[in-house]
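If you read the sequence shown in this note's numbering, its first letter stands for residue 97, the second for the next number, and so on.
The beta carbon of each residue, even a glycine, is placed where N, CA and C say it ideally should be.
Beneath this line is the structure, given in structure tokens, with notes to follow.
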Amino acid sequence: MGWLGVSLVVRWLLGWGLALRLPELPAPAQAVEGRRVSVLIPARNEEATLPHLLTALAAQTITPLEVIVVDDHSSDGTAAIARQAALAAGEAQGPLPIRVLQPPPLPAGWCGKTWALHHGVLASRGAVLVFLDADTEPEPAFLERLLDRHRELGGLVSVQPYHRTERPYEQLSLLFNLVGLMAVPLGAGCGVAFGPALACSRADYDRAGGHAAVAGKVVEDWFLAHCFEAAGLPVSAFIGAGQIAYRMYPGGLGEMVIGFDKNFATAAGEVRWPWMLAVLLWLSGLFWAAWCLPAALLGWPLVGDRSLLVNGLVYAAFALQLLVLTHRVGRFRWINLLFPIPVLFFLGVFVLAILNLERGRVHWKGRVFSTRSP
97 MGWLGVSLVV RWLLGWGLAL RLPELPAPAQ AVEGRRVSVL IPARNEEATL PHLLTALAAQ
157 TITPLEVIVV DDHSSDGTAA IARQAALAAG EAQGPLPIRV LQPPPLPAGW CGKTWALHHG
217 VLASRGAVLV FLDADTEPEP AFLERLLDRH RELGGLVSVQ PYHRTERPYE QLSLLFNLVG
277 LMAVPLGAGC GVAFGPALAC SRADYDRAGG HAAVAGKVVE DWFLAHCFEA AGLPVSAFIG
337 AGQIAYRMYP GGLGEMVIGF DKNFATAAGE VRWPWMLAVL LWLSGLFWAA WCLPAALLGW
397 PLVGDRSLLV NGLVYAAFAL QLLVLTHRVG RFRWINLLFP IPVLFFLGVF VLAILNLERG
457 RVHWKGRVFS TRSP
């Protein structure tokens with residue numbers, strides 16, 4: 097085996113090491129109380145997803161003090177759906193108390209989500225705050241598990257949902273989901289936060305500065321984690337396999353490209369470079385594997401052994417690795433066997449993000465956001 101073969105083996109093994117620590121929320125050690133908990137949901141143009149979340153919250157094993165839907169000046173039926181759910185819950189005298197509010201017009205220096213959640217917290221009454229994105233779908237025991245982890249660890253606790261895919265184009269997001277988890281440490285005290293599902297006490301939220309401290313940040317979860325750590329509070333993160341899921345960008349391929357471009361461009365300066373360098377090494381092996389088999393088959397330029405057997409084995413090794421590693425990250429199946437396709441998509445969005453980083457702005461849900469720190 098030459099130097100190239102040894103290098104590929106090392107990079108393949110590095111992928112297993114990077115994905116080794118993907119901790120999930122454990123079962124609660126003792127009963128969890130929900131009467132002190134406010135659940136806050138920022139929603140902008142989420143008429144297709146919000147009903148699923150409200151239904152899932154009604155089925156939780158614990159009942160929160162209140163659920164507040166903050167309509168971020170939606171242009172669709174989001175507000176009407178939320179008010180209808182609140183009215184139905186009130187008329188049925190159901191256990192899930194839902195309120196709907198709309199913040200004042202968005203001022204300069206704020207992003208829509210941070211402005212919405214800032215006002216949601218001001219209107220809430222709970223001693224513990226849970227923030228859920230409108231497109232999440234928690235399993236019945238999710239709130240109980242999340243609150244149990246928060247009780248044990250304190251500070252800010254978050255969960256990255258399992259990515260539920262339905263249409264073929266959604267399979268292209270494979271690498272974004274996997275790399276996003278491999279490139280950061282996870283677990284208790286890791287210092288990383290995921291925005292779709294977070295929990296903290298009101299006292300700690302105020303101590304860290306709340307969403308006012310990250311008012312203009314598009315990827316507010318990264319910066320909120322920094323604020324908690326700066327206040328001397330722990331920040332912990334877990335994956336949501338089997339506990340909470342979401343379907344990212346159901347509006348089509350264009351929406352998905354813009355969404356990942358936004359996250360790429362605005363989070364570029366926040367990566368932890370020791371972890372990111374390790375991920376880049378693994379990705380270089382994956383990119384090589386994506387090239388080697390087609391190159392051997394079609395006579396394209398290729399360094400090293402041109403044998404179909406050798407290059408087929410390299411390709412199969414990385415395809416098998418992706419099948420195993422993505423199992424707890426999202427519903428990605430056949431695309432793992434055709435991984436050169438998501439590799440090309442990943443590289444294309446990466447280039448687009450670099451261009452938008454240079455331009456200094458991205459467009460999302462009818463608004464323009466800066467990719468540069470204020």
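According to the DSSP secondary-structure assignment, F442 is paired through a beta bridge with no residue. In this structure, the CA atom of A279 is about 44 angstroms from the CA atom of L183.
Under DSSP, V253 shares a beta bridge with A295, S332. A straight-line Cα-Cα distance of about 11 angstroms links N452 and N359. Counting of Cβ neighbours within 10 angstroms places E142 among the buried residues, the total reaching 16 or more.
With 16 or more neighbouring CB atoms inside 10 Å of its own CB, G130 falls in the buried class. Judged by DSSP secondary structure, A341 falls within the beta strand (DSSP E) whose first and last residues are 340–342. DSSP places D167 within a strand segment (E or B) once states are collapsed to three.
Counting only runs of 4 or more residues that sit fully inside the segment 382–453, the alpha helix (DSSP H) segments are 404–421, in chain order. In this structure, the CA atom of L242 is about 8 angstroms from the CA atom of V253. In terms of Cα proximity to R117, the closest of G338, F441, G283 is G283. Here F290 carries a coil assignment [DSSP, helix/strand/coil]. Here the alpha carbon of A115 sits roughly 25 angstroms from the alpha carbon of G251.
DSSP, reduced to helix, strand and coil, places E143 outside both helices and strands of the structure shown, so it counts as coil. Between P281 and P257, the C-beta gap is not smaller than 8 angstroms, which leaves the two residues out of contact. When beta bridges are read from the DSSP output, I177 appears opposite no residue. Within the model, the alpha-carbon separation for V217 versus L136 is close to 8 angstroms. Look at the segment 231–286 and you find these whole runs of alpha helix (DSSP H), each 4 residues long or longer: 238–249, 270–278.
Take the alpha-carbon of L404 and the one of V425: they are about 31 angstroms apart.
The beta carbons of P138 and D168 sit closer together than 8 angstroms.
Two segments are said to touch when three or more pairs of C-beta atoms, one from each, lie closer than 8 angstroms; by this definition the segment 302–322 does not touch the segment 395–414. Taking all protein chains shown into account, T232 has 16 or more neighbouring C-beta atoms within 10 Å of its C-beta and is therefore buried.
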